[in-house]
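Participant: Would you mind keeping the following structure in view while I ask a few things?
Numbering (the working numbering), first residue to last: 10 to 106.
What follows is the structure in structure tokens.
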């Protein structure tokens, strides 16, 4: 049985070897707990090419959802947060203002 730290190290090695050998993009999608602003991704951010973090906030008694683009390797990040909505049959739609 692996410890938590050994499991994390094993996952880290697998992901690193996978992206190194295939030359594909590796995207990390994380969903923050409600009313949380921080997320500790440890060294995973250094392995992946793109990091999207889904956030939820209440503003003026309305639920607002955002996608934070935390990392996009090789590209400048001009917009760090994008509002979005989700609906049945519509999927995810960006709300660009």
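For every residue, glycine included, the Cβ atom is placed at its ideal position computed from N, Cα and C.
(1) Out of curiosity, what's the CA-to-CA distance linking residue 58 and residue 14?
(2) What are the boundary residues of the beta strand (DSSP E) that includes residue 35?
(3) Would you give the residue range spanned by the alpha helix (DSSP H) that residue 13 belongs to?
(4) For the beta strand (DSSP E) holding residue 77, just list the boundary residues, first then last.
(5) Within a Cβ cutoff of 6 Å, which residues of the same chain sit near residue 74, ignoring the five residues on either side of it in sequence?
(6) Shortest alpha-carbon distance to residue 79 belongs to which of 89, 30, 32?
(7) Where does residue 146 sit, in a helix, a strand or coil, going by DSSP?
(8) Is residue 36 near residue 63, with beta carbons less than 8 Å apart?
Facilitator: Walking through what the data contain:
(1) 23 Å
(2) Per DSSP, residue 35 belongs to no beta strand (DSSP E) and is neither H nor E.
(3) 13 to 31
(4) 71 to 81
(5) 65, 93
(6) 89
(7) Lying outside 10 to 106, the shown extent of the chain, residue 146 is not represented and no answer is given.
(8) no
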